[in-house]
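Below is one structure, written out as structure tokens, with a few remarks after it.
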Amino acid sequence: HWSLALPLYWMIYNLDLPDKRHIYRVPVGKTVKFHCQATGKPLPALRWYKNGKEVRMDQRIRDHTWTLIKESVAPSDEGNYTCVVQNRHGTLQHTYQLNVIERSPQKPDLHAGLQGNRIAVVGSDVELVCAVMGDPQPYIRWFKHIVINGSKEDIEIFPFVRPPKDEDLNAMDYEVESLLTLRNVTLADAGEYTCLASNSEGVSRHTVWLIVIDGMCNVSNPQPSVTEGNDGSSAH
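So the mapping is simple: this note's numbering equals the position in the sequence shown, first residue as 1, plus 37.
In structure tokens form, the structure reads like this:
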């Protein structure tokens with residue numbers, strides 16, 4: 038008798054999840070996309086389930102190239118969405134949780150993404166991150182505080198904008214992250230940096246100190262970081 042040994046990849050398949058998150062938080066009225074791509078021989082079939090019941094496609098829900106697209110999400114769309122891929126060799130599945138967020142005006146809130154003071158060595162690269170939530174979407178500006186002839190002045194710095202990653206595509210549009218990248222820092226880059234976030238509901242700011250050392254010096258204690266809302270209150 039002849040026996041046929043199938044290559045391993047013929048008998049199993051891989052479930053490719055470009056987005057590793059399990060929970061999506063999406064504002065009312067926005068679009069959400071769940072990705073669930075599988076490979077194998079024979080090519081697996083894909084089915085989608087919401088809370089254990091198969092999803093029926095309609096004018097708001099469509100299946101496109103291994104992706105479930107749900108438009109104009111409503112609170113009733115909340116739940117667990119499971120992709121099930123299957124061929125004659127087996128089954129794999131993955132579940133996403135969808136939380137639909139009711140929108141309400143909100144001034145910028147920096148507390149979810151606060152960053153502490155930083156210490157860097159001359160010649161290194163430094164990234165200062167400012168993560169903020171707000172509705173409408175906040176606008177972020179960066180400033181460095183310098184002293185000229187005894188008076189303090191704010192110099193605006195235009196940050197490098199990091200392109201969104203795949204896992205950011207379903208993020209709420211009033212969650213914003215700004216990345217200020219300082220490359221090959223020198224002692225002159227040391228100082229006080231402020232992230233200022235504003236929208237029609239108000240203004241918030243967060244200040245951090247960057248300490249730069251040349252590798253031979255002792256490091257003095259950095260100044261405390263300060264976060265302020267538009268009411269002038271601060272937290273240390």
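Note that CB positions come from ideal geometry on N, CA and C, so glycine has one too.
With DSSP as the reference, label ALA111 as helix, strand or coil. Note: ALA111 maps to coil in three-state DSSP.
By Cβ distance below 8 Å, which residues in the same chain neighbour ILE49 in space, the five residues on each side in sequence not counted? The pLDDT assigned to ILE49 is 42, lower than 50, so where the model puts this residue is not dependable; a value taken from the coordinates is nonetheless given after this. If we look at ILE49 and ignore the five residues flanking it on each side, its Cβ neighbours are GLY77, HIS126, GLY127.
Let's see if you can read the secondary structure: which residues bound the beta strand (DSSP E) around ARG140? Run containing ARG140: none; DSSP gives neither H nor E here.
Count the other C-beta atoms from every protein chain shown that fall within 10 angstroms of the C-beta of PRO145, then say buried if there are 16 or more, exposed otherwise. It counts as buried.
Looking at the strands, I want to know which residues DSSP matches up with ASN124. GLY127
Beta-carbon contacts of ASP191 that lie in its chain and below 7 Å, excluding the five residues immediately before and after: PHE180, HIS182
So, is ASP251 buried or exposed, given that buried needs 16 or more other C-beta atoms within 10 angstroms? exposed
With a CB to CB cut of under 7 Å and the five nearest residues on each side skipped, what residues in its chain are close to ASP205? Because ASP205 sits at a pLDDT of 46, beneath the cut-off of 50, its placement in the model cannot be relied upon, and the point is left open.
Step through the CB atoms of chain C and report whether any lies within less than 8 Å of the CB of PRO112. Chain labels in this structure do not include chain C; a single protein chain is all it has.
Please state the DSSP three-state secondary structure of ALA82. strand
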